[in-house]
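Below is one structure, written out as structure tokens, with a few remarks after it.
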Amino acid sequence: MRTLLVTGGAGFIGSNFVHMTRERYPEDHVIVVDKLTYAGNRANLAGTDVEFFEGDICDAALMDRLVGRADVTVHFAAESHNDNSLRDPRPFVDTNLVGTFTILEAVRRHGNRLHHVSTDEVFGDLSLDDPKRFTEETPYNPSSPYSATKAGSDHLVRAWVRSFGLRATISNCSNNYGPYQHIEKFIPRQITNILAGQTPKLYGTGEQVRDWIHVDDHNAAVHLILERGRDGETYNIGADNDHVNNKAVIELICELMDAPGYEHVADRPGHDQRYAMDSTKLREQLGWAPEYTDTQTGMRAGLDQTIDWYRTHEDWWRPAKQQVEQGYAERGQ
């Protein structure tokens, strides 16, 4: 039996991690701390047996108290939307840098373990015709306030490992999709547009490539790192979908939902072109492989499951839909 502290556990990836943990490891005790910003939702944890605290990871007293009760802290909490970071970078500095520092100091005081969840965006982007993939040794080259603050948080973790002997691992994952993802994000926005009778929207030409991974495959990798990962190591997580551009994704969504088509809207400023993750280390050393994969785009099975979830959870996304679309309309998107 373990006690796991999950930061950001009411957000998209964190709440899916909590659900998986309760299903696969029912003997574990799970503590969740979440600030419940717009992207965090207490309803995401409905039906789970967890101990929940509404709070800020920058609150040193709170984090010291909760980290002290845990065998391992799994750190998902982050500000994570590129567009929002371009409009107001300050919350990203506070949560991603100061918050991570606060957690590191609590873990250092109590001598327990940390797993830090990060992103492929810390590496910057690749050109569309570049055959390379990001490895754990790829130099960091972030291009937005979001990715820069996540890169900084990774560096903090590594510095605390080297300077103070902290027991910690890091994972950098590609773009996730799946249940409970906020409808401002690309895939759930298109799904809920169609369900709401609106036309789905493609940013720019849609040539940008993301190595899309189902959130359950990501979280299964995190659990494997918790069980078998070596302290001080970093593991890339990707599903080898780096041949699929945004245009192909929206076309597959339209096909699966019998939608007549989509429209092009203004592109995001500074939109990164291509992310591609080399997860060889995770696959060969820890034995991980994604379950949501197929021979067409690698996403059909995962998108089917995701579409079904949004179709049957309209009460979860419908209240925020009008406000989200109004914000995009004001920006010509």
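Per full-length UniProt numbering, the sequence shown starts with residue 1, numbered consecutively. Ideal placement from N, C-alpha and C gives every residue a C-beta, glycine not left out.
Residues bridged to residue i (per DSSP)
i, result
"Asn113", "Per the sequence shown, the amino acid found at residue 113 is Arg instead of Asn. Arg113 pairs with Val72 and Arg167."
"Met277", "Phe134"
"Ser119", "It should be noted that the sequence gives Thr, not Ser, for residue 119. In DSSP, Thr119 forms a bridge with Cys173."
"Val30", "Leu4"
"Lys201", "Glu263"
"Asn236", "Asn172"
"Leu126", "Arg274"
"His182", "BP columns for His182 are empty, so no partner."
"Ile209", "Per the sequence shown, residue 209 should be read as Val rather than Ile. Per DSSP, Asn245 and Arg274."
Whether residue i touches residue j by CB criterion (8 Å)
i, j, result
"Ala70", "Leu166", "no"
"Asn236", "Ser279", "yes"
"Val222", "Gln333", "no"
"Thr119", "Ser147", "yes"
"Ile13", "His313", "no"
"Val93", "Thr37", "no"
"residue 337", "Tyr180", "Only positions 1 to 333 of the chain appear in this structure, which leaves residue 337 out of reach."
"Met63", "His29", "no"
"Arg210", "Leu252", "no"
"His75", "His115", "yes"
"Gly204", "Asp272", "no"
"Asn84", "Asp216", "no"
"Thr138", "Val107", "no"
"Asp49", "Lys35", "no"
"His214", "Tyr292", "yes"
"Val18", "Val6", "yes"
"Asp130", "Arg24", "no"
"Cys58", "Val98", "yes"
"Val67", "His110", "yes"
"Asn96", "Glu79", "yes"
"Gly161", "Ala151", "A small fix is needed here, since residue 161 is Val in this sequence, not Gly. Contact flag unset, no."
"Asn172", "Thr234", "yes"
Extent of the continuous alpha helix (DSSP H) to which residue i belongs
i, result
"Lys247", "Asn246 to Leu256"
"Thr312", "Arg300 to Thr312"
"Glu23", "Phe12 to Arg24"
"Glu227", "Val215 to Arg228"
"Ser85", "Asn82 to Arg87"
Where the beta strand (DSSP E) containing residue i begins and where it ends
i, result
"Thr192", "Note, Thr192: premise wrong, no beta strand (DSSP E); alpha helix (DSSP H) at Phe186 to Leu195."
"Glu51", "Glu51 to Glu54"
Near the ligand ATP: residue i beta-carbon under 7 Å from a heavy atom
i, result
"Tyr146", "The model on display carries no ligand, and the ligand ATP is accordingly not part of it."
8 Å contact criterion, which residue i and residue j should meet: CB distance rounded
i, j, result
"Ser143", "Asp125", "7 Å"
"Ile187", "Tyr177", "4 Å"
"Gly206", "Ile250", "7 Å"
"Ala239", "Pro290", "5 Å"
"Ile183", "Val324", "6 Å"
"Trp212", "Asn241", "5 Å"
"Asn41", "Ala10", "6 Å"
"Leu202", "Tyr140", "Actually they do not touch by this definition, with Cβ atoms about 29 Å apart."
"Cys254", "Pro319", "The pair is not a contact, with the Cβ atoms about 25 Å apart (cut-off 8 Å)."
"Lys281", "Glu136", "6 Å"
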